[in-house]
Amino acid sequence: MGETHSLEDRFQAFVEAENKVEPKHWMPDGYRKTLVRQISQHAHSEIVGMLPEANWITRAPSLRAKLILLAKVQDEAGHGLYLYSAAETLGTSRDQMIDDLHSGKAKYSSIFNYPTLTWADMGAIGWLVDGAAIANQVMLCRTSYGPYSRAMVRICKEESFHQRQGFEIMMHLAKGTPEQKAMAQDALNRWWWPSIMMFGPSDDQSPNSAQSMKWRIKRKSNDELRQEFIDKTVPQAEFIGLTIPDPDLRWNEETGHYDFGTINWTEFFDVIAGNGPCNAERLAARQKAHDEGAWVREAAAAYAAKQASRSARRPAQTHAA
Amino acid sequence: MSTTTHQWPLWEVFVRSKNGLAHKHVGSLHAPDSEMALKNARDVYTRRSEGISIWVVPSAAITASSPDEKDPLFAPSDDKVYRHPTFYDIPDEVGHM
Chain A
152 MGETHSLEDR
162 FQAFVEAENK
172 VEPKHWMPDG
182 YRKTLVRQIS
192 QHAHSEIVGM
202 LPEANWITRA
212 PSLRAKLILL
222 AKVQDEAGHG
232 LYLYSAAETL
242 GTSRDQMIDD
252 LHSGKAKYSS
262 IFNYPTLTWA
272 DMGAIGWLVD
282 GAAIANQVML
292 CRTSYGPYSR
302 AMVRICKEES
312 FHQRQGFEIM
322 MHLAKGTPEQ
332 KAMAQDALNR
342 WWWPSIMMFG
352 PSDDQSPNSA
362 QSMKWRIKRK
372 SNDELRQEFI
382 DKTVPQAEFI
392 GLTIPDPDLR
402 WNEETGHYDF
412 GTINWTEFFD
422 VIAGNGPCNA
432 ERLAARQKAH
442 DEGAWVREAA
452 AAYAAKQASR
462 SARRPAQTHA
472 A
Chain B
552 MSTTTHQWPL
562 WEVFVRSKNG
572 LAHKHVGSLH
582 APDSEMALKN
592 ARDVYTRRSE
602 GISIWVVPSA
612 AITASSPDEK
622 DPLFAPSDDK
632 VYRHPTFYDI
642 PDEVGHM
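Going line by line, the protein sequences match chains A and B. Using my numbering, read the first sequence as starting at 152 and increasing by one per residue. Using my numbering, read the second sequence as starting at 552 and increasing by one per residue.
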């Protein structure tokens, strides 16, 4: 066996035996880089994902709806923090990641570059966007990197509430007045395609996927996850009497799956490239929040420094007395 | 504007889920001091009654064993099978022991 390959070979055998990789373990540079990119991107998505929903907090139709939405948005902040912490175990810093988000170097899920036009969008986001995220995250609970896997387990436990509350909103609107039902249908029309794009390009167009699968970072391919999500979601739409905006969607007896229409990947890549309806607005909002919070961070650091110097002085005075 | 703040120290968070159980590591967070670390830990790690007690420890204060030394470090326990109850043959007639 060639000595030069032994570390990589051992690593490969280690992950293939379903062992979890921990921060201090040796890992290939590519594995570390892929994880930093993927986990930080995932963290940024949680944080930027707060913005489209925050848009409706002050206009929620009831106190109950408002409390739920607040709790959900707070969860997204928590999820972002779990993920930033997991990424930091790989040697990157929080400041670096935040800088990369603000400079546009780091990406986040393209779905959050779409606007939330009506209250029904809160339903569609919870049901579809969180539903799609859950499909991906359930798979990631079994990822080979320990800290990422543990963050995913926590997130999945909490995310289920997000999808259920979204479906409840859609269900109530679909059962409401014709205007309310139309509002729900309109939200479904606008969010369906971006949601199924969330799983990323098809397997043959996704060059990094194969290596990620080999390293056990990903456990299922983009297309597999997308199909799973569609199979699960179509009956839910039927149940509440809404129509999925895809004329080619039909059950396929032979495969036991739904066939669906062609995804507009041009739109997907265009939004990723920064040309979505809200890309600039989202980044500007993040930057503004960061800048306007600077004095709070500085004040907290100054307070901590003052307390530390006081408590350092105190024992000395006691001895002197 | 690049904001290279003096990054707050990292804290490891341990949560006791209920009395009688040990505190268990749940994750980490940044905070300027221990008091803020506790408050942040409350918000980040116990939003759903996950705990009744929290410890926060500066990550820098933890000394960890190295995975490379795993074998020599733990070897002494691997070759002492007589430390395990199953090492001993006790006739079934004796009953549970």
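Glycine included, C-beta positions come from ideal geometry on N, C-alpha and C. Only a predicted model underlies this, so the values are computations on that prediction, with no experimental measurement involved.
The C-alpha of residue 303(A) is placed about 14 angstroms away from the C-alpha of residue 283(A). By the rule that beta-carbons nearer than 8 angstroms mark a contact, residue 458(A) touches chain B. Between residue 259(A) and residue 187(A), the C-beta spacing is not below 8 angstroms. In the three-state scheme derived from DSSP, where H, G and I count as helix and E and B as strand, residue 575(B) is classed as strand. Taking a C-beta distance under 8 angstroms as the contact criterion, residue 560(B) and residue 452(A) do not qualify as a contact pair. In this structure the region 261-270 of chain A does not lie against the region 218-230 of chain A, because fewer than three pairs of beta carbons, one per stretch, are closer than 8 angstroms.
Taking a cut-off of 8 angstroms on C-beta distances, the region 164-183 of chain A touches the region 353-369 of chain A, as three or more cross pairs fall below it.
Setting aside the 5 residues that flank it on each side, residue 315(A) has no residue in the same chain whose C-beta is closer than 6 angstroms to its C-beta.
Per the DSSP secondary-structure output, residue 410(A) pairs in a beta bridge with 401(A). At a C-beta separation below 8 angstroms, residue 615(B) has these neighbours in chain A: 175. Chain B has no Cβ within less than 8 angstroms of the Cβ of residue 277(A). Looking at the backbone, the Cα of residue 611(B) and that of residue 404(A) are separated by about 59 angstroms. In the DSSP annotation of this structure, the continuous segment of the alpha helix (DSSP H) that includes residue 342(A) starts and ends at 329-348. Fewer than three beta-carbon pairs drawn from the region 624-638 of chain B and the region 601-610 of chain B are found closer than 8 angstroms, and the two stretches are therefore not classed as touching. Residue burial annotation: residue 203(A) is buried, with at least 16 other C-beta atoms found within 10 angstroms of its C-beta. The beta carbons of residue 195(A) and residue 438(A) sit no closer together than 8 angstroms.
Minimum Cα-Cα distance from residue 378(A) among the listed residues 409(A), 343(A), 386(A), 296(A) corresponds to 409(A).
Classified as exposed, residue 426(A) has fewer than 16 neighbouring CB atoms from the shown chains inside 10 Å of its CB.
The C-alpha of residue 246(A) is placed about 7 angstroms away from the C-alpha of residue 558(B). For residue 568(B), the closest Cβ of chain A is not nearer than 8 angstroms. Between the alpha carbons of residue 458(A) and residue 163(A) lies a distance of about 49 angstroms. Collapsing the DSSP output to three states places residue 179(A) in coil.
Sequence-distant partners of residue 436(A) (beyond 5 residues in either direction) whose C-beta falls short of 8 angstroms from its own C-beta, in its chain, are 202. With at least 16 other beta carbons inside 10 angstroms of its own, residue 336(A) counts as buried. Here the C-alpha atom of residue 341(A) lies approximately 56 angstroms from the C-alpha atom of residue 460(A). In the DSSP assignment, residue 416(A) falls within the alpha helix (DSSP H) that extends over 416-421. Spanning the alpha carbons of residue 589(B) and residue 249(A) requires a straight line of approximately 23 angstroms. In the three-state reduction of the DSSP assignment, residue 204(A) falls in the helix class. Per DSSP, residue 604(B) is one residue of the beta strand (DSSP E) stretching across 604-609.
The Cβ atoms of residue 346(A) and residue 289(A) lie no closer than 8 angstroms to each other.
DSSP assignment within the region 226-270 of chain A yields the following whole alpha helix (DSSP H) runs of 4 residues or more, N-terminal first: 245-254.
Against chain A, the beta carbon of residue 623(B) has no neighbour under 7 angstroms; the closest one sits roughly 16 angstroms away.
Straight-line measurement puts the Cα of residue 575(B) at about 17 angstroms from the Cα of residue 236(A). Apart from the 5 residues on each side of it in sequence, residue 632(B) sits with its Cβ closer than 8 angstroms to the Cβ of 638 in its chain, given in chain order. Residue range 561-567 is occupied by the beta strand (DSSP E) that includes residue 567(B). For residue 329(A), there are no CB contacts under 6 angstroms within the same chain when 5 residues up- and downstream are skipped.
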